[in-house]
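**Q** If you want the working numbering, it's the 1-based position in the sequence shown plus 288. Glycine residues also receive a C-beta, built at the ideal position from the N, C-alpha and C atoms. All of these numbers come straight from a predicted model, not from anything done at the bench.
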Amino acid sequence: MFSLVKKNTAFFIPYFIFLLAGGILLLLYGKTVVTLSINKYNNPTADFFFKNWTSLGLGIMIIPVGLILAFVRFRYMLISLVAFVLTFIINDSLKSLFHTPRPLAVFNQLHQSLHLVPGVEMYSWNSFPSGHTATGFCMFCLLALYTKNNLWKTICFIIALLIAYSRMYLSEHFLEDVYAASIIGVVCALFTYKYFMDAKMFSKFANTLDKPLIKLKKEK
289 MFSLVKKNTA FFIPYFIFLL AGGILLLLYG KTVVTLSINK YNNPTADFFF KNWTSLGLGI
349 MIIPVGLILA FVRFRYMLIS LVAFVLTFII NDSLKSLFHT PRPLAVFNQL HQSLHLVPGV
409 EMYSWNSFPS GHTATGFCMF CLLALYTKNN LWKTICFIIA LLIAYSRMYL SEHFLEDVYA
469 ASIIGVVCAL FTYKYFMDAK MFSKFANTLD KPLIKLKKEK
């Protein structure tokens, strides 16, 4: 696993910096202070951007991503589907287990108003961890593992980070929610990728798994 992380430092170095910085912010200030600090820096352009950007973390993204990857390398599609499902099961199980209040519910109790983006459906419960963030980090961590281009690896991290930030900007989640969710997504991506790339049980199917779908059709 360490070698896999080492080969993809363009993604993991900024990710570890995020984990360090996020951990320090939570320890020093706590989730409510961080949320209020993010919430006060808003404008119509950011409202529009993050309202739409956050959709990249929807679970439905598994369908277009999986279809595109099938035409790149069939094994990538398989890895992505399994990683997405694993991420969903773990993340939603934790949501049900903790059943924590979301920012709107917390600040309503504190009689503290928040800037809310028009047109965004707000929820009150199941805040921890963030489903959009877990999906986003799982998906873009995998895409970083699939590409050999270091610039694209870093871009994948930035996209995932902006998904996480969008959840806080929209007042749907706290920093601790996206922090934990990012770890869930990344760990699921790493273990699934390593298993399906290394497992001996798939070696006899390598000729099929490592071809794009379009070539499989031509061979038939």
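1) Could you check if Tyr467 is buried or exposed, using at least 16 other CB atoms within 10 Å of its CB as the buried criterion?
2) Would you identify the three-state DSSP class for Pro417, choosing helix, strand or coil?
3) Roughly how many whole angstroms lie between the Cα atoms of Ile446 and Phe300?
4) Return helix, strand or coil for Pro500, following the three-state DSSP convention.
5) Exposed or buried, which one is Ile356 when buried takes at least 16 other CB atoms within 10 Å?
6) Any idea what DSSP makes of Pro389, helix, strand or coil?
7) Let me know the beta strand (DSSP E) ranges lying completely inside the segment 362-406, each 3 residues or longer, listed in chain order.
8) Straight-line CA distance for Ser415 to Leu374?
9) Would you kindly work out how many angstroms separate the C-alpha atoms of Gly407 and Met485, rounded to a whole number?
10) Would a C-beta distance cut-off of 9 Å place Gly310 and His420 closer than the cut-off?
11) Give the secondary structure of Lys506 by DSSP, where H, G and I count as helix, E and B as strand, and everything else as coil.
12) Just how far apart, CA to CA, sit Arg390 and Trp413?
**A** On the basis of the data shown:
1) Looking at its Cβ environment, which holds 16 or more other Cβ atoms inside 10 Å, Tyr467 is buried.
2) coil
3) 11 Å
4) coil
5) Around the beta carbon of Ile356, fewer than 16 other beta carbons sit within 10 angstroms, so the residue counts as exposed.
6) strand
7) none
8) Between Ser415 and Leu374, the alpha-carbon positions lie close to 19 Å from each other.
9) Each residue's Cα considered, the two are about 42 Å apart.
10) no
11) Residue placement at Lys506 is flagged as unreliable, the pLDDT there being 45, under the threshold of 50; a coordinate-derived value is accordingly withheld.
12) 5 Å
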